[in-house]
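In this note's numbering, the protein residues as written are 2 to 458.
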């Protein structure tokens, strides 16, 4: 039996199985989506962002609570009810003794209301509300930071799917070249040419190495397909979702200057935004605390209604207290005399202001180092991609030359195998280095303050 005939049969069976699986896949409802749509679906399904969204809602609720103190912060109605006996007969003078009829019960009712409306708080409420609004922006910035982290992870997952699909095509192409080499070896054996055991075992070892790499690739592809299914199953039910691209392409590199990137990061990054909003919130908090030392001017209004079956003796200026209604109003000042607590709150706000200013300086330094490191990693990734592409071009030239020599029967099989192996390795290296280049570019722009969705494949 010729060398490799059983291997060829097994390869054909595998290819048939693969083609059948692809036919089943294509027969299903297939949908290809771009990066923006993939990120949108992932963000929508992310449970990790719910916590930050709840924090934003809580901060907005604090603003509503402070705003509620501007309109009727103290408004209460109290009612009392009971069952009392009525007097027997008509009572002409409540001061005299009268008989109680316990068989005749009536309802006793007493209703009181009281409200307080601030006229001016000298800015304490308004400043406090403005400070709370800036804290809302802080929570929104934290949510944005989490979303960008989520976007980066989804970008990596999207790229991984493209990479594995790209490598799968390379594997099929390498399969063809492997079978071609085995076929040529069989032809050499049929023609009685001198074939060394070294060439035969080199081909066998290469086939085993290739089988391991192929198995790893298909396991990785299955894992990524499961991740995509978990992420998109509810958004796209009964559909096979695939990336729009099938080959790794480098992102377009905009022209940029390192100093411009650093300046942009120090001005527009999420960390810089959070630091600015914290400073504004602390400054307004100090102004609000200072206004608390000034007495608040307010307008008060109250009233009382009483209905009782048992008459009460007449009282000067009040008349008959048997059934009556009364309304009163007032104007005055209210001041919190716990100055030590107000002073402690004021000192706390000053400490928070100093912390916010320190955080701004720290954020500025941090962004310098982060952007500088990301820029360095990007330059390395770019150089790696370019060098791997150059190496692949050389490997392709080598492979073409070895194929020509082998066809002219002046080449050696082991040299052809080495050329095939080098070409495949550098094709994989180029694909992976493109992935590394894209990831490094996205990392650089995220550190600078941009979003993943601002880029296109």
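No residue lacks a Cβ here, since even glycine has one placed at the ideal position from N, Cα and C.
Open item on the list: Does the structure place the region 346-366 close enough to the region 296-306 that three or more beta carbon pairs sit under 8 Å?
Closed with: no
Task: Under the three-state DSSP convention, the category residue 118 falls into - done: strand
TODO: Please report the Cβ distance between residue 139 and residue 275, rounded to the nearest whole angstrom; I am assuming they are in contact, meaning their Cβ atoms lie under 8 Å.
DONE: 5 Å
Open item on the list: Within a Cβ cutoff of 6 Å, which residues of the same chain sit near residue 263, ignoring the five residues on either side of it in sequence?
Closed with: 369 and 372
- [ ] Report the rounded CA-to-CA distance for residue 360 versus residue 66, giving the unit in angstroms.
- [x] Inter-residue distance for residue 360 and residue 66 is about 28 Å (C-alpha atoms, whole angstroms).
TODO: Determine the direct distance from the alpha carbon of residue 430 to that of residue 210, and round the result to whole angstroms.
DONE: Take the alpha-carbon of residue 210 and the one of residue 430: they are about 16 Å apart.
Task: Cα-Cα separation between residue 90 and residue 126, rounded to whole angstroms - done: 58 Å
Open item on the list: Short of 8 Å in beta carbon distance, which residues of its chain neighbour residue 251, apart from the five on each side in sequence? Order them along the chain.
Closed with: 386, 435, 438 and 439
Open item on the list: Would you call the region 378-385 in contact with the region 326-341, where contact means no fewer than 3 C-beta pairs closer than 8 Å?
Closed with: no
- [ ] Give me whichever residues DSSP pairs with residue 82 in a beta bridge.
- [x] 110
Open item on the list: Quick check for students: name the residue ranges of the beta strand (DSSP E) that lie wholly in the region 357-402, counting only runs of 3 or more.
Closed with: none
Open item on the list: Restricting to Cα atoms, I'd like to know which of 119, 228, 221 and 82 is closest to residue 113.
Closed with: 82
Open item on the list: Within the continuous alpha helix (DSSP H) that includes residue 289, where are the two ends?
Closed with: Per DSSP, residue 289 belongs to the alpha helix (DSSP H) from 271-292.
TODO: With residue 302 as the anchor, note down where its beta strand (DSSP E) starts and where it stops.
DONE: Where residue 302 is concerned, the enclosing beta strand (DSSP E) starts and stops at 297-308.
TODO: Could you tell me whether the region 44-52 touches the region 103-122, using the rule of 3 or more Cβ pairs below 8 Å?
DONE: Here the region 44-52 makes no contact with the region 103-122; the two share fewer than three CB pairs at distances below 8 Å.
Task: Given 8 Å, three or more beta-carbon pairs between the region 229-236 and the region 329-346 - done: no
Open item on the list: Please tell me whether residue 425 and residue 170 are closer than 7 Å, where the distance is taken between their beta carbons.
Closed with: In this structure, residue 170 does not lie closer than 7 Å to residue 425 by Cβ.
Task: Where the alpha helix (DSSP H) through residue 124 begins and ends - done: Annotation for residue 124: no alpha helix (DSSP H) segment contains it, and DSSP assigns it neither H nor E.
Task: Identity of the residue in 418, 297 and 442 nearest residue 202 by Cα - done: 418
Task: Given 8 Å, three or more beta-carbon pairs between the region 69-80 and the region 156-163 - done: no
- [ ] Select from 57, 267 and 340 the residue whose C-alpha is nearest the C-alpha of residue 295.
- [x] Of the candidates 57, 267 and 340, 340 places its Cα closest to the Cα of residue 295.
Open item on the list: On a Cα-Cα basis, can you pick out the residue from 380, 204, 366 and 56 that is closest to residue 257?
Closed with: Distance from the Cα of residue 257 is smallest, within the candidate group 380, 204, 366 and 56, for 380.
- [ ] Spatial neighbours of residue 287 within its chain, please: CB distance less than 8 Å, with the 5 preceding and 5 following residues excluded, ordered by chain position.
- [x] 347, 350, 351 and 354
TODO: Give a yes or no on whether the C-beta atoms belonging to residue 271 and residue 146 are separated by under 7 Å.
DONE: yes
Task: Which listed residue (98, 129, 79 and 60) has its alpha carbon closest to that of residue 143 - done: 60
Open item on the list: So if DSSP puts residue 330 in a beta bridge, which residue, or which two residues, is it bridged to?
Closed with: 302
- [ ] Determine the direct distance from the alpha carbon of residue 135 to that of residue 278, and round the result to whole angstroms.
- [x] 5 Å
Open item on the list: I'd like to know whether the C-beta atoms of residue 215 and residue 172 end up nearer to each other than 7 Å.
Closed with: yes
Task: Selection from 73, 282 and 204 that minimises the alpha carbon distance to residue 137 - done: 282
TODO: Name the two residues that bound the continuous beta strand (DSSP E) containing residue 243.
DONE: Looking at the DSSP string, the run of the beta strand (DSSP E) that includes residue 243 is 241-244.
Task: Residues of its chain near residue 443, where Cβ-Cβ distance is below 8 Å and the 5 sequence neighbours each way are ignored - done: Around residue 443: 153, 156, 252, 453 and 456.
TODO: Keeping to the same chain, check which residues put their C-beta closer than 7 Å to that of residue 73; ignore five residues upstream and five downstream.
DONE: 116 and 118
TODO: Please list, in chain order, all residues of the same chain as residue 79 whose beta carbon is under 6 Å from its beta carbon, the five residues on each side excluded.
DONE: 113
TODO: Give me the Cα-Cα distance between residue 184 and residue 451, rounded to the nearest whole angstrom.
DONE: CA-to-CA, the gap between residue 184 and residue 451 works out to about 54 Å.
TODO: Return the residue from the list 98, 63 and 111 that minimises the CA-CA distance to residue 85.
DONE: When each option's Cα is compared against that of residue 85, the closest is 111.
Open item on the list: Measuring straight from C-alpha to C-alpha, what distance separates residue 230 and residue 413?
Closed with: 47 Å
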